[in-house]
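This report concerns only the one structure given below.
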Amino acid sequence: MINVVLFGPPGSGKGTQAVKMLEKYGFLHISTGDLFRNAIKNETEMGLKAKAFMDKGNLVPDEVTIGMMNAVINDNPDVKGIIFDGFPRTVAQAEALDVFLNSKNTPVSKMIALEVSEEELIKRLLNRGKDSGRADDADRDIIKNRIDVYNSQTLPVAGFYKEQNKFASIKGEGSLDEIFARICAVLDEIV
Ligand code: ADP
Numbered sequence: 006m007i008n009v010v011l012f013g014p015p016g017s018g019k020g021t022q023a024v025k026m027l028e029k030y031g032f033l034h035i036s037t038g039d040l041f042r043n044a045i046k047n048e049t050e051m052g053l054k055a056k057a058f059m060d061k062g063n064l065v066p067d068e069v070t071i072g073m074m075n076a077v078i079n080d081n082p083d084v085k086g087i088i089f090d091g092f093p094r095t096v097a098q099a100e101a102l103d104v105f106l107n108s109k110n111t112p113v114s115k116m117i118a119l120e121v122s123e124e125e126l127i128k129r130l131l132n133r134g135k136d137s138g139r140a141d142d143a144d145r146d147i148i149k150n151r152i153d154v155y156n157s158q159t160l161p162v163a164g165f166y167k168e169q170n171k172f173a174s175i176k177g178e179g180s181l182d183e184i185f186a187r188i189c190a191v192l193d194e195i196v
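Just remember that my numbering sits 5 ahead of the position in the sequence shown, which is counted from 1.
If you want it as structure tokens, here you go:
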């Protein structure tokens, strides 16, 4: 089984590229952001907990996020591969994912990081905010906070996978197809 961590700041295009990956490779796509937004829509207990953090552009606490992720992995035992989109976002999440996947003998295969300049990120997120209905995309201060949170809490996760020689970085600017081709070049070496 192939486990790919798709990594990059808010607005780097993880969700868009993940959909292209699942179409081509048939992997399961797990987006923690989508799972939380669904939980909020369905007014579950977890959704209520997550909302306060998401509205401010802060991370949902690790124990909530890790518990949710483990449950989704357990619910999908027979997949060819998994694309992790928006997870892990802290070193504690990365460590928990390692322990969980190693216990199933299916370790993380690769992290693919999308590199996009901060200026381009802010432009993309404000644009998405115009029609996505996502409150966290509509406000420049919340966007700025999400990028700060990414730089302080999430970037160290790249180091975690670099140490394991599982890190690949690609340019996340250009046309969707150009970016996807760069991702495929990395993936085709491991599938
Ligand atoms: P983006 O990457 O564009 O910010 P996401 O949909 O991945 O969008 O995430 C939206 C929000 O959901 C985050 O700002 C955060 O509050 C929450 N979230 C998503 N994934 C995680 C995670 N792994 N850990 C903690 N919070 C998360």
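No residue lacks a Cβ here, since even glycine has one placed at the ideal position from N, Cα and C.
Distance between D103 and I148 (C-alpha atoms, nearest Å): 29 Å
If you draw a straight line from the alpha carbon of Y166 to that of S114, how long is it in whole angstroms? 10 Å
Return the chain-ordered list of same chain residues with a C-beta closer than 7 Å to the C-beta of V154, the five sequence neighbours on each side being excluded. G62, N63 and L64
Taking buried to mean at least 16 other C-beta atoms within 10 Å of its own C-beta, is S137 buried or exposed? exposed
Taking the continuous beta strand (DSSP E) assigned at M51, which residues delimit it? Segment E50 to K61 is the alpha helix (DSSP H) holding M51; no beta strand (DSSP E) there.
How would you write the range of the beta strand (DSSP E) that D90 sits in, first residue to last? G86 to D90
Close beta carbons around G91, own chain, < 7 Å, minus the five adjacent residues each side: K19, S36, T37 and G38
Just the C-alpha distance for G52 and F58, rounded to the nearest angstrom, thanks. 10 Å
Which complete alpha helix (DSSP H) runs does the region 95 to 175 hold, if anything under 4 residues is left out? 96 to 108, 123 to 137, 140 to 143, 145 to 154 and 161 to 168
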